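J.: Structure incoming, see below.
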Amino acid sequence: FHYFPYLPWELRARVWELSAEPRVVHVRTVEYDGNPLSDASAGKKQHKAVISLTPIPAMLQVCRESRNLGVYRQCFSELQRTPEFVSKASSMRYIWSNLDLDIIDIGPRDLRDLKLVAQTTKRLKLER
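The numbering used here puts the first residue of the sequence shown at 2, with every later residue one more than the last.
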(Lines of atoms letter the chains of each structure in order from A; the text may use other names.)
(Lines give C-alpha, C1' and ligand atoms only; values in the text may rest on other atoms or scores of the structure.)
Protein backbone atom coordinates (compact mmCIF):
# COMPACT_ATOMS: atom_id res chain seq x y z
CA PHE A 2 0.00 0.00 0.00
CA HIS A 3 1.96 2.96 -1.31
CA TYR A 4 0.00 5.62 0.57
CA PHE A 5 0.50 4.06 4.01
CA PRO A 6 3.19 6.61 5.04
CA TYR A 7 0.73 9.42 4.29
CA LEU A 8 -1.95 8.13 6.65
CA PRO A 9 -2.31 9.91 10.01
CA TRP A 10 0.05 8.59 12.73
CA GLU A 11 -2.84 7.31 14.87
CA LEU A 12 -4.16 5.17 12.03
CA ARG A 13 -0.71 3.79 11.15
CA ALA A 14 -0.07 2.98 14.82
CA ARG A 15 -3.38 1.13 15.05
CA VAL A 16 -2.55 -0.90 11.93
CA TRP A 17 0.82 -1.89 13.44
CA GLU A 18 -0.82 -2.87 16.75
CA LEU A 19 -3.39 -5.04 14.97
CA SER A 20 -0.69 -6.74 12.89
CA ALA A 21 0.83 -8.40 15.97
CA GLU A 22 -0.11 -12.08 15.99
CA PRO A 23 -0.05 -14.46 18.97
CA ARG A 24 2.97 -16.75 18.88
CA VAL A 25 4.43 -19.55 20.95
CA VAL A 26 7.81 -18.24 22.14
CA HIS A 27 10.23 -20.95 23.27
CA VAL A 28 12.41 -19.69 26.13
CA ARG A 29 15.39 -21.73 27.30
CA THR A 30 18.39 -21.03 29.47
CA VAL A 31 21.82 -22.53 28.86
CA GLU A 32 24.55 -22.69 31.49
CA TYR A 33 28.23 -22.63 30.53
CA ASP A 34 31.54 -21.71 32.12
CA GLY A 35 32.70 -19.19 29.51
CA ASN A 36 35.98 -20.95 28.78
CA PRO A 37 35.99 -22.76 25.41
CA LEU A 38 39.04 -24.85 26.41
CA SER A 39 37.64 -26.27 29.64
CA ASP A 40 35.78 -29.53 30.08
CA ALA A 41 32.06 -28.71 29.78
CA SER A 42 31.09 -31.26 32.42
CA ALA A 43 33.60 -30.15 35.06
CA GLY A 44 33.16 -27.35 37.55
CA LYS A 45 30.45 -24.84 38.25
CA LYS A 46 28.91 -22.96 35.36
CA GLN A 47 29.46 -19.20 35.79
CA HIS A 48 27.32 -17.99 32.89
CA LYS A 49 23.65 -18.50 32.17
CA ALA A 50 22.29 -17.27 28.83
CA VAL A 51 18.71 -17.01 27.65
CA ILE A 52 18.01 -18.36 24.14
CA SER A 53 15.07 -18.90 21.82
CA LEU A 54 14.74 -20.47 18.40
CA THR A 55 11.49 -18.57 17.84
CA PRO A 56 11.96 -16.16 14.91
CA ILE A 57 11.89 -12.42 15.54
CA PRO A 58 8.42 -11.04 14.70
CA ALA A 59 8.21 -9.80 11.11
CA MET A 60 6.77 -6.50 12.31
CA LEU A 61 10.11 -5.66 13.93
CA GLN A 62 11.91 -6.15 10.63
CA VAL A 63 9.64 -3.96 8.50
CA CYS A 64 10.61 -0.42 9.47
CA ARG A 65 11.77 1.81 12.31
CA GLU A 66 8.24 3.09 12.94
CA SER A 67 6.88 -0.40 13.64
CA ARG A 68 9.84 -1.22 15.93
CA ASN A 69 9.57 2.03 17.89
CA LEU A 70 5.85 1.59 18.53
CA GLY A 71 6.64 -0.82 21.36
CA VAL A 72 4.23 -3.64 20.54
CA TYR A 73 7.09 -6.06 21.22
CA ARG A 74 9.58 -5.67 24.09
CA GLN A 75 13.00 -7.07 24.88
CA CYS A 76 12.21 -9.67 27.56
CA PHE A 77 13.82 -12.34 29.74
CA SER A 78 17.27 -10.76 30.10
CA GLU A 79 16.70 -11.09 33.87
CA LEU A 80 17.19 -14.86 33.57
CA GLN A 81 20.87 -14.45 32.69
CA ARG A 82 23.80 -14.82 35.01
CA THR A 83 27.25 -13.42 34.31
CA PRO A 84 30.32 -13.18 36.54
CA GLU A 85 31.21 -9.83 38.10
CA PHE A 86 34.19 -9.26 35.80
CA VAL A 87 32.06 -9.43 32.62
CA SER A 88 30.28 -6.29 31.44
CA LYS A 89 26.56 -7.00 31.69
CA ALA A 90 25.76 -4.53 28.91
CA SER A 91 28.07 -6.27 26.44
CA SER A 92 26.67 -9.73 27.15
CA MET A 93 22.98 -8.79 27.43
CA ARG A 94 20.71 -11.24 25.63
CA TYR A 95 16.95 -10.95 25.32
CA ILE A 96 13.97 -12.35 23.44
CA TRP A 97 11.46 -10.16 21.60
CA SER A 98 7.99 -10.82 22.98
CA ASN A 99 4.55 -9.30 23.40
CA LEU A 100 3.62 -10.61 26.83
CA ASP A 101 -0.06 -9.72 26.28
CA LEU A 102 -0.34 -11.99 23.21
CA ASP A 103 2.48 -14.51 23.16
CA ILE A 104 2.43 -17.88 24.90
CA ILE A 105 5.74 -18.45 26.68
CA ASP A 106 6.87 -22.07 26.38
CA ILE A 107 9.48 -22.92 29.02
CA GLY A 108 9.64 -26.64 28.24
CA PRO A 109 10.52 -29.00 31.11
CA ARG A 110 12.14 -26.24 33.23
CA ASP A 111 11.58 -25.82 36.93
CA LEU A 112 9.17 -22.95 37.62
CA ARG A 113 11.55 -21.58 40.25
CA ASP A 114 13.86 -20.53 37.42
CA LEU A 115 11.22 -18.03 36.30
CA LYS A 116 10.72 -16.15 39.58
CA LEU A 117 12.26 -12.98 38.19
CA VAL A 118 9.83 -12.76 35.26
CA ALA A 119 6.75 -14.40 36.77
CA GLN A 120 4.84 -11.16 37.34
CA THR A 121 5.09 -10.06 33.71
CA THR A 122 4.35 -13.44 32.11
CA LYS A 123 0.62 -13.80 31.36
CA ARG A 124 0.44 -16.94 29.19
CA LEU A 125 2.64 -19.87 30.07
CA LYS A 126 3.04 -23.29 28.46
CA LEU A 127 4.52 -26.04 30.61
CA GLU A 128 5.89 -29.44 29.72
CA ARG A 129 5.84 -32.32 32.18
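Note that CB positions come from ideal geometry on N, CA and C, so glycine has one too.
Nothing here was measured: the structure is a model prediction, and the numbers come from that model.
Quick one: complete alpha helix (DSSP H) runs, 4+ long, within the segment 55-128?
T.: With a minimum length of 4 residues, the continuous alpha helix (DSSP H) runs that stay inside the segment 55-128 are 60-63 and 65-69.
J.: Look at the alpha carbon of T197 and the alpha carbon of S98, and state the distance between them as a whole number of angstroms.
T.: For residue 197 there is no data in the structure shown, the boundaries of the chain being 2 and 129.
J.: Output yes or no for whether 8 angstroms exceeds the beta carbon distance between Y101 and K123.
T.: Reading the sequence shown from its first residue, position 100 is the one you call residue 101. Reading the sequence shown from its first residue, position 122 is the one you call residue 123. Per the sequence shown, the amino acid found at residue 101 is Asp instead of Tyr. Yes, these two residues count as a Cβ contact at 8 angstroms.
J.: Would you say Y95 and C64 are within 8 angstroms of each other, going by their C-beta atoms?
T.: Locating residue 95 in the sequence shown gives position 94, counting from the first residue. Locating residue 64 in the sequence shown gives position 63, counting from the first residue. Not closer than 8 angstroms, so no.
J.: How far does the alpha helix (DSSP H) with R15 in it extend, from its first residue to its last?
T.: Taking the first residue of the sequence shown as position 1, residue 15 is located at position 14. Unbroken alpha helix (DSSP H) run through R15: W10 to L19.
J.: Is it the case that the Cβ atoms of L70 and W17 are separated by a distance below 8 angstroms?
T.: Counted from its first residue, the sequence shown places residue 70 at position 69. Counted from its first residue, the sequence shown places residue 17 at position 16. Yes, Cβ-Cβ distance for L70 and W17 is below 8 angstroms.
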